[in-house]
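Here the structure is laid out as structure tokens; the discussion comes afterwards.
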Ligand code: TYD
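In the numbering used here, the protein residues as written are 539 to 747.
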């Protein structure tokens, strides 16, 4: 279909967006599409990871334990490198494409809310995380995302509140526009549309890498 899908080099694709933007749904759908298109397996994964540091983070996000926001920043970055070294790079080395639901842009967009002055520090903490071939930022208004989350859930996670979601969305859009790494490609996709329409744009982008 395109050069990217025919290339020998496995793709590393990341999905980003505020909670409720649809990253999990679209990452799964894109994974199925890429497997079908390439007739090769794709490793679908997510952050926080299923590893030991990810387990701590999941407890903190469910409010079972509490850490200072600066400690959360360190844990997210540590979990990322553990995930990268133990899983992502292994798959890429074996020629398997990787789709990751959240990566270092989450660290910047979410953790910046607590301390905008710490952006440089957050960048440094994530400097060893290799750049993906493509980051798809699913953009959805915060109130739409909150409605989606609240529809299916009784308890909300740590960062799932409207005011914070608005700030995280602004951060994402700012970072995509003004702070991307020189070797980085970030594409903003309007996520406030029918799932099939969003997926169609995503597939086109992946095919263009
Ligand atoms: P989410 O991706 O919705 O996963 P789950 O379905 O397990 O709840 O939640 C992860 C939350 O963690 C989300 O609110 C974003 C936040 N987060 C950060 O703040 N920084 C990060 O670096 C990452 C990876 C996630």
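Using N, Cα and C, we set each Cβ at its ideal position, and we do this for glycine too. Since this is a predicted model, take the numbers as computed values, not measurements.
Let me make sure I understand the geometry here. Which of the options has the alpha-carbon closest to that of residue i?
| i | options | result |
| --- | --- | --- |
| residue 615 | 595, 719 and 599 | 595 |
| residue 637 | 601, 674 and 656 | 674 |
| residue 585 | 561, 605, 630 and 607 | 561 |
| residue 589 | 624, 699 and 557 | 624 |
| residue 688 | 655, 714 and 699 | 699 |
| residue 619 | 605, 665 and 650 | 665 |
| residue 600 | 693, 714, 729 and 707 | 693 |
| residue 686 | 730, 582, 613 and 640 | 730 |
| residue 641 | 652, 655, 611 and 631 | 611 |
| residue 568 | 550, 652, 557 and 556 | 550 |
| residue 648 | 720, 604, 733 and 696 | 696 |
| residue 659 | 631, 701, 609 and 707 | 609 |
| residue 684 | 598, 667 and 703 | 703 |
Can you tell me which of the three DSSP states residue i falls into?
| i | result |
| --- | --- |
| residue 539 | Annotation note: pLDDT 46 at residue 539 (below 50); position unreliable, coordinate value reported separately. Coil at residue 539, not helix or strand. |
| residue 668 | coil |
| residue 725 | strand |
| residue 661 | helix |
| residue 616 | helix |
| residue 632 | coil |
Tell me which residue opens and which closes the alpha helix (DSSP H) that residue i is part of.
| i | result |
| --- | --- |
| residue 715 | 700 to 716 |
| residue 745 | 733 to 745 |
| residue 623 | Note, residue 623: premise wrong, no alpha helix (DSSP H); not H, not E. |
| residue 685 | 680 to 689 |
| residue 598 | 590 to 599 |
| residue 570 | 561 to 576 |
Would a C-beta distance cut-off of 7 Å place residue i and residue j closer than the cut-off?
| i | j | result |
| --- | --- | --- |
| residue 579 | residue 633 | no |
| residue 629 | residue 587 | no |
| residue 672 | residue 747 | yes |
| residue 740 | residue 564 | yes |
| residue 650 | residue 657 | yes |
| residue 669 | residue 722 | yes |
Specify, as a first and last residue, the run of the beta strand (DSSP E) that residue i falls within.
| i | result |
| --- | --- |
| residue 674 | 672 to 677 |
| residue 582 | 580 to 584 |
| residue 604 | Where residue 604 is concerned, there is no enclosing beta strand (DSSP E), given that its DSSP letter is neither H nor E. |
May I have all residues whose beta carbon comes closer than 5 Å to any heavy atom of the ligand TYD, sorted in chain order?
557, 585, 614, 640, 644, 645, 648 and 697
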